[in-house]
Structures are given as C-alpha cells and as structure tokens.
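Undergrad:
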Amino acid sequence: MRMPARFQIGDTVMGRWPGSNLYYEVKVLSYDNKTRLYTVIYKDGTELELKESDITSLTIFKQGVARSRSRSRSRSPGRPRRSRSRSPARTSRRSSTRTTDVRKEKLKEVLEVRLTPVSMAHENNTNNKHEKKEENNAATNTASTITEEKTETESENQAGGRYNLRRRKDQGDGKTVELEQKTETETLLQTKPPTGIKTSDLEFGGRVGVFFLMFLLPLAVLGLLILCSQKDASLQSFPLEFPALQSLWDWQVFGIVLLWLLLQAVLSLLPIGKLVEGMPLKNGKTLKYRINGFYALLFTAVAVGVAVYQEVDFSYIHAHFLQFYTSALLIVTLLSVYLFVRSRWASKDELAPGGNSGYIIYDFFMGRELNPRIKNFDIKFFCEMRPGLMGWVLINFAMLQAEMKHQNLETPSPAMLLVNIFQLLWVVDGIWHEEKLLTMMDIVYDGFGFMLTFGDLAFVPFTFTCQAYYLVSHPNELSIFWIITLITMDGVGYYIFRKANSQKFAFRKNPSDPAVSHLKTIPTATGNSLIVSGLWGWVRHPNYLGDIIMGLAWSLPCGFNNLIPYFYLIYLITLLVHRNARDERQCRKKYGSAWEEYCKAVPYRIFPGIY
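Right, here's the structure in full:
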C-alpha cells in the first residue's frame with residue numbers, strides 16, 4: 001500500500017542535514033513511494049534524499065523555535081528561585097567550567113553519527129525489525145530537545161553514494177538528552193549549509209579531453225575554411241596550403257567584428273519587447289530576460305538593405321574570411337578568460353552544475369558561472385542568439401554576392417539561393433521563438449565558458465556557412481527535380497523540428513493546454529510527466545530528427561563531389577548523439593523507474609527503427 005506524501009512537489013520546508021541536528025531551508029523536488037524518501041535541494045545546490053521524519057514545515061519549525069525561546073526566558077511559578085548567595089568555599093569559575101564541560105560532553109555524544117554503506121544497512125534492515133518513530137510532536141522536539149531515535153534505515157544520496165545514518169545510543173540507556181537552550185537555538189537557525197558537492201561526472205574525456213579540444217577545435221575550423229577556399233576541396237588535398245601568417249590578421253577586420261558585437265549588444269538592451277522570467281534557479285529565484293531578438297533582426301536587415309543601396313560590397317567578408325575568423329577567435333579567448341576570472345567571485349548559487357570540478361582547465365572549458373551578467377545584460381543569453389545567428393545570415397548573404405562576382409552571374413545560382421533561404425528560415429524561426437531558449441540545456445544547465453563562447457561566436461557563424469562558402473568556388477547545377485526534392489525535404493524536417501519543440505514548450509508551461517492535453521503521458525515521482533504519443537511517441541527526440549533532415553537538405557545542394565559541405569551534417573549528428581547520451585543519463589537519474597517504463601514505450605532515440 002502506498003502512503004500519501006505529506007509534502008508536495010515544490011514545497012519549501014526545513015530539512016535536516018545528514019549526520020547533524022542542523023536544519024536548513026530546502027525545496028522538495030520529488031517523492032519516491034517505494035523508498036518513502038523525498039528528494040530535496042539545498043540553497044547551495046546539493047540534492048539529497050531525506051526521510052519524512054527529517055523534514056518539517058516552515059510554520060511548525062518557527063513555532064517550535066519560538067516556544068523554545070519562550071521556555072528559556074520563563075520559569076515555572078511553583079519552582080523556587082535559586083538563591084544568588086554563594087558558599088565562600090566555591091568559586092563561580094569552577095562551577096561555570098564544570099557545567100560547560102558537562103554540556104559539551106553531552107552535545108558531543110548526541111551529535112556523533114556512524115556512516116555505513118547501504119549494503120550493510122540493507123543487511124541490518126533484513127535481520128532486525130525497526131519501529132517507526134512518532135512524529136506528532138516533531139516540531140516541538142526539534143526546537144527544544146533532541147530525542148534518541150530507534151535504529152532505522154536512512155538512504156542519503158551524498159558524495160555519489162548512499163549511506164545509512166544511525167544515531168548512537170546515549171550510554172546504552174536511550175535517555176533523552178536536554179541541551180542548553182541557547183546553544184540549541186543557535187545550532188538550529190544556521191542558514192548556510194556545508195559546502196556543496198563538486199562536479200564529479202566529467203564530460204568530453206575529462207581534463208585531458210577538454211585540453212585537446214581547446215586546441216583542436218579552433219584548428220579544425222581553420223582547416224575547414226582553408227579547404228573550402230581551395231580549388232581542390234577534397235580530403236585528398238592534404239597537406240593544406242597554409243596561408244601566410246600576415247594574411248590571417250587585419251586590424252580593420254577586428255574593428256568590424258567589435259562594431260558588430262557592439263551593435264547587437266545595444267539592440268538587445270533597448271526597452272522594446274516583453275520581459276519574461278527564466279526557469280527557476282537552484283536558489284528558487286528567477287532571472288528576467290528582454291525578448292526583442294526579432295526586432296533586432298529586422299533592424300539589422302534594414303541596415304544591410306540600406307548598405308546595399310549605398311553600394312557597399314559585402315563580398316569583402318568572403319575575401320577576408322580567414323581574418324574575420326581569427327578576429328572572432330581572439331575575442332572568444334579574451335571573453336573566456338574574463339568569464340573564468342569573474343567566476344572566482346561568484347556565489348555557489350551562481351555556479352553551473354557541470355563546471356565546478358575544481359580543475360582549472362576543465363572548468364575554464366565548461367564554464368563555472370551559469371548566468372554571468374553585467375547588471376541586466378545577460379552575456380550568455382546574448383551570445384546564444386544574437387551575434388552568431390545573425391552573423392550566420394549576413395555571411396551567407398555576403399557569399400551570395402561573392403558567387404555572383406566570381407562566377408560572373410547576374411542572379412545567384414539555385415543552389416546558393418536554396419542554401420540561403422533554408423538557413424534563413426531556421427535562424428528566423430529560432431529568433432522568433434527566442435523565449436523558448438530559456439528552457440534549453442545551454443541556458444538551464446551549462447556554464448558559460450570557452451565551449452559555449454567558441455560555439456556561439458566562432459563555430460556557428462564560420463562552419464554553418466561552409467555550404468555557401470564552398471559554392472562560391474565550386475558551383476553546382478540543380479535540376480527542377482532536385483530543387484523540388486530539396487524544398488520538400490527541408491519542409492518536412494522543419495515541420496518535425498518546430499512541431500516537436502512547440503509541443504515540448506507548451507507541455508512544460510501548461511500540461512492542460514488544449515494543444516497538448518490529448519497527448520498520452522507517463523507520470524513520474526517528480527510531478528512531471530513524459531509524453532509517449534504523437535511525435536514524442538515516435539522517437540524520444542523528434543526535434544533532433546527534424547534538425548538532421550534539415551541539415552541534409554542544406555548540404556545536398558553542394559553535390560556529391562566532396563565531403564566538406566557535409567561537415568555541418570556530420571557535426572550535427574555527432575553533437576545530437578552526445579546530447580542524447582547526456583540526456584539519457586540525467587533523465588534516468590531524475591525519473592528512475594518511470595524512465596525505464598518510458599524507454600520501453602518509446603524504444604528509438606532519434607532515428608525510427610534504427611537508433
């Protein structure tokens with residue numbers, strides 16, 4: 001028979017820190033009916049499993065403390081007051097010292113705990129019958145006395161393992177130990193729990209892996225750009241003809257990149273568009289974000305149109321493409337250093353779950369701070385959507401002009417037009433649904449370090465444009481059949497991508513929304529549900545599937561002569577498979593048996609019938 005949960009998901013209560021009598025404010029995340037344990041999160045981000053007897057409501061806790069203080073200030077009317085006179089042979093110092101020593105000894109005996117692995121706890125639980133503790137006067141006992149508990153199994157998810165916490169008997173007689181009221185009150189009202197657990201699950205091969213990635217990723221992008229610009233862009237053309245060092249840098253180009261970033265930053269700060277709240281942080285607070293990306297995109301489009309009318313030659317970007325990349329790379333490096341240095345003064349509430357390992361190189365790569373801000377300017381949110389995505393569209397347009405110039409065309413080729421239109425649709429869609437970014441892993445979970453900074457400001461605008469960059473020097477003719485096929489493919493991929501993401505966002509926001517209320521779900525102990533019908537019943541990540549189909553439609557216009565235009569598609573599949581593995585680990589840990597049931601109901605991850 002399942003016992004009803006006393007506390008609800010999302011309740012703010014007082015939870016006892018394992019192995020002590022210290023109570024802290026915590027938030028209830030989930031309840032497991034089988035183990036009868038609550039998963040709670042402390043203000044420092046630590047998540048633990050607690051028994052119901054170790055949790056009390058804020059109201060009862062405060063009432064208990066208030067009664068404790070009241071009793072310490074008053075005396076019973078029938079109890080005679082002790083005379084203030086002292087015996088000449090006794091000194092107050094000796095009496096005070098002896099009383100303090102006795103109290104310290106009692107406090108030390110009560111607070112001793114023994115940690116044993118859960119396997120031992122299970123064995124003891126099997127061999128011994130345990131009695132349940134009466135909880136009717138839990139709050140009063142918490143505030144005034146610490147009562148000896150009878151032995152019982154207690155699972156705690158701490159430091160990567162589970163432990164059985166047992167309170168030692170007070171000299172074997174199980175007596176109630178009275179603590180001094182002042183000491184007890186000070187102990188219970190502590191507000192800062194012990195230091196949170198550091199990141200232990202390292203990604204990308206840990207410290208060694210990220211060290212090589214920091215050097216290999218920039219070099220790989222540089223090699224890709226050099227290869228695309230060569231007449232023979234096949235992989236057989238290695239070793240590459242490395243350009244002269246002076247051709248990799250230009251101060252004027254660096255100034256243009258800085259002006260571009262400054263323009264987009266100013267547009268993001270304009271008081272236009274709505275203010276929305278992001279997902280709750282681990283301390284319960286929410287940050288506000290200005291959603292005006294679409295207005296910034298429109299302003300940028302008008303500015304580009306005016307520049308074209310003034311006969312500004314955007315093919316300049318194509319001619320200095322490597323210099324634009326190295327300029328962006330320098331800005332990425334400087335920004336990453338700044339973010340890492342400022343994170344040293346960030347509070348524990350502001351640190352990302354995955355970037356607090358204590359290893360400098362790893363944390364620099366992953367990012368220590370979750371939401372670095374300069375007043376109301378959120379650096380991560382700005383970089384995720386604005387300069388990189390809009391720069392992607394601008395670079396594509398520059399490649400279109402460069403193709404017409406180099407190939408002596410009066411109009412762009414169909415292949416170049418399709419690439420520009422397909423990718424413009426993706427960018428416009430992303431910026432139009434800018435608010436939905438606030439629920440994604442990049443914002444909610446990942447810290448902002450070199451990985452995301454490089455991805456947003458260098459990798460996206462300079463590798464996602466490789467199809468357009470390739471077509472400037474390697475034109476490809478398309479028949480009507482291929483044009484119709486590619487348009488259909490991109491349309492199908494976009495429909496799956498947008499429909500899946502819209503359903504996910506609507507369901508997270510309001511499961512009773514008529515648009516998603518008909519979907520079948522599996523309830524979980526966290527209070528959330530997992531969709532098992534519609535697109536989300538087809539595969540576990542239909543949005544990933546749509547993304548991959550669109551990526552294929554972007555690459556096919558370049559033909560089949562070389563593998564380079566398919567770099568984006570290869571990268572996308574690799575990234576999404578990695579994200580899927582990470583999502584699987586986190587969901588299995590978060591949802592437990594409900595996730596196993598979900599995996600049986602939806603067996604395929606991304607590709608129906610394959611994977």
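Each residue of the sequence shown is one higher than the one before, starting from 1 at the first, in full-length UniProt numbering.
We put the beta carbon where it would ideally sit given N, CA and C, even for glycine.
1) Spell out the partners DSSP gives V266 in its beta bridges.
2) Are the beta-carbon atoms belonging to I291 and G273 less than 7 Å from one another?
3) Assign G64 to one of two classes, buried (16 or more other C-beta atoms within 10 Å of its C-beta) or exposed (fewer than that).
4) Who does S57 pair with in a DSSP beta bridge?
5) Taking 8 Å as the limit between beta carbons, can you name the residues of its chain near Y295, skipping five residues before and five after?
6) Please state if the CB of V460 and the CB of F365 are separated by a distance shorter than 7 Å.
7) Please determine if the stretch 424–435 and the stretch 468–479 are in contact, where contact requires at least 3 C-beta pairs separated by less than 8 Å.
8) Do the CB positions of E369 and D456 come within less than 7 Å of each other?
9) Under a three-way DSSP split, which group does D547 fall into?
10) On a Cα-Cα basis, can you pick out the residue from L259, E203, V337 and M214 that is closest to G354?
11) Strictly by DSSP, which residues pair up with V26?
12) Spell out the partners DSSP gives I522 in its beta bridges.
13) Can you tell me which of the three DSSP states V276 falls into?
14) Just mark F497 as buried or exposed, buried being the case when its beta carbon has 16 or more other beta carbons within 10 Å.
15) What span of residues does the alpha helix (DSSP H) with Y359 cover, start to end?
16) Less than 6 Å separating the Cβ of Y568 from some heavy atom of the ligand NAD?
17) Which of helix, strand or coil does DSSP assign to R344?
18) Once you ignore the five residues that flank V253 on each side, which residues in its own chain have a CB closer than 8 Å to its CB?
19) Among D32, Y604 and L216, which one has its Cα closest to the Cα of L50?
20) Throw me the rounded Cβ distance for the P412 and L400 pair, which I believe falls under 8 Å.
21) How is the beta strand (DSSP E) around Y445 delimited, first residue to last?
22) When burial is assigned at 16 or more other CB atoms within 10 Å of the CB, is E311 buried or exposed?
23) Identify the continuous beta strand (DSSP E) that holds R508 and give its terminal residues.
24) Please report how far the alpha carbon of residue 613 lies from the alpha carbon of N528, in whole angstroms.
25) Closest to S336 by CA distance: which of H318, F314 and I360 is it?
26) Mapping the DSSP letters down to three states, classify E384 as helix, strand or coil.
27) Looking at the strands, I want to know which residues DSSP matches up with R373.
28) My understanding is that V221 touches A525, with C-beta atoms under 8 Å, so please give their C-beta distance in whole angstroms.
29) What residues are listed by DSSP as bridge partners for L50?
30) Given a cut-off of 7 Å, decide if A601 and V532 are closer than it, judged by their beta-carbon atoms.
31) Grouping DSSP H, G and I as helix and E and B as strand, with all else coil, what is L165?
32) Out of T59, L48 and W17, state which residue places its alpha-carbon closest to the alpha-carbon of K589.
33) Run through DSSP, which three-state label would Y31 get?
34) Looking at I41 and L29, is the spacing between their C-beta atoms short of 7 Å?
35) Specify the secondary structure class of K106 as computed by DSSP and reduced to three states.
36) Can at least three beta-carbon pairs, one atom from the stretch 553–565 and one from the stretch 478–491, be found at a separation below 8 Å?
TA: In short:
1) Within the sequence shown, residue 266 is the residue found at index 266, counting from 1. Bridge partners of V266: none, in fact.
2) As a first step, residue 291 is located in the sequence shown; it is residue number 291 there, counting from the start. As a first step, residue 273 is located in the sequence shown; it is residue number 273 there, counting from the start. Contact flag set, yes.
3) Here residue 64 refers to the residue found at position 64 when the sequence shown is read from its first residue. It counts as buried.
4) Residue mapping note: residue 57 aligns to position 57 of the sequence shown, counting from 1. V13.
5) Working through the sequence shown from its first residue, we reach residue 295 at position 295. Taken in chain order, the residues that qualify are L267, L270, I272 and G273.
6) Translated into the one-based positions of the sequence shown, residue 365 becomes position 365. Translated into the one-based positions of the sequence shown, residue 460 becomes position 460. Cβ distance not < 7 Å, so F365 and V460 don't count as in contact.
7) no
8) Taking the first residue of the sequence shown as 1, we reach residue 369 at position 369. Taking the first residue of the sequence shown as 1, we reach residue 456 at position 456. No, they are not a contact pair.
9) Here residue 547 refers to the residue found at position 547 of the sequence shown. Correct three-state label for D547: helix.
10) What you label residue 354 is simply residue 354 of the sequence shown in a count that begins at 1. Nearest option by C-alpha distance: E203.
11) Counted from its first residue, the sequence shown places residue 26 at position 26. Answer by DSSP bridge pairing, in chain order: V13 and Y42.
12) As a first step, residue 522 is located in the sequence shown; it is residue number 522 there, counting from the start. Answer is L530, bridged to I522.
13) On the sequence shown, position 276 is the one that residue 276 refers to. Strand, per DSSP.
14) In the sequence shown, residue 497 corresponds to position 497, counting from 1. The residue is buried, with at least 16 neighbouring Cβ atoms inside 10 Å.
15) Counting from one through the sequence shown, the residue named residue 359 turns up at place 359. Here Y359 belongs to no alpha helix (DSSP H), and DSSP marks it neither H nor E.
16) Ligands in the displayed structure: none, and consequently the ligand NAD is not present.
17) Along the sequence shown, one-based indexing puts residue 344 at 344. It is coil, neither helix nor strand.
18) By 1-based counting over the sequence shown, the position of residue 253 is 253. Result list for V253: H320, Q323, F324 and S327, in chain order.
19) Numbered from 1 along the sequence shown, position 50 holds the residue referred to as residue 50. The shortest Cα separation from L50 among D32, Y604 and L216 belongs to D32.
20) Position 412 of the sequence shown, counted from the start, is the residue given in the question as residue 412. Position 400 of the sequence shown, counted from the start, is the residue given in the question as residue 400. The Cβ separation is near 5 Å, so the contact holds.
21) Numbered from 1 along the sequence shown, position 445 holds the residue referred to as residue 445. Y445 -> no beta strand (DSSP E), and no H or E assigned at all.
22) Counted from its first residue, the sequence shown places residue 311 at position 311. Counting Cβ neighbours within 10 Å, E311 comes out exposed, since fewer than 16 surround it.
23) As a position in the sequence shown, residue 508 is number 508, starting the count at 1. Run containing R508: none in the beta strand (DSSP E); it sits in the alpha helix (DSSP H), I480 to K509.
24) In the structure displayed, the chain extends from 1 to 611; residue 613 sits before or after that span and is not available.
25) Against the sequence shown, residue 336 aligns to sequence position 336. Comparing Cα-Cα distances from S336 to each of H318, F314 and I360, the minimum goes to I360.
26) Here residue 384 is taken as the residue at index 384 of the sequence shown, counted from 1. Helix, per DSSP.
27) Mapped onto the sequence shown, residue 373 falls at position 373. R373 is bridged to D378.
28) Counted from its first residue, the sequence shown places residue 221 at position 221. Counted from its first residue, the sequence shown places residue 525 at position 525. V221 to A525, Cβ: 43 Å. No contact.
29) The count along the sequence shown starts at 1 and reaches residue 50 at position 50. In DSSP, L50 forms a bridge with Y38.
30) The sequence position of residue 532 within the sequence shown is 532, counting from 1. The sequence position of residue 601 within the sequence shown is 601, counting from 1. Cβ distance < 7 Å, so V532 and A601 count as in contact.
31) Locating residue 165 in the sequence shown gives position 165, counting from the first residue. Annotation note: pLDDT 35 at L165 (below 50); position unreliable, coordinate value reported separately. Strand at L165.
32) Taking the sequence shown and counting its residues from 1, the one referred to as residue 589 is at position 589. For the residues T59, L48 and W17, the minimum Cα distance to K589 belongs to L48.
33) For this step, residue 31 is matched to residue 31 along the sequence shown. In this structure, Y31 counts as strand in the three-state DSSP scheme.
34) The residue you call residue 29 lines up with position 29 of the sequence shown. The residue you call residue 41 lines up with position 41 of the sequence shown. Going by C-beta atoms, L29 is nearer than 7 Å to I41.
35) Here residue 106 corresponds to residue number 106 of the sequence shown, with the count starting at 1. Legend: pLDDT at K106 = 46, less than 50; position of this residue unreliable, value from coordinates given subsequently. Here K106 sits in helix by DSSP.
36) yes
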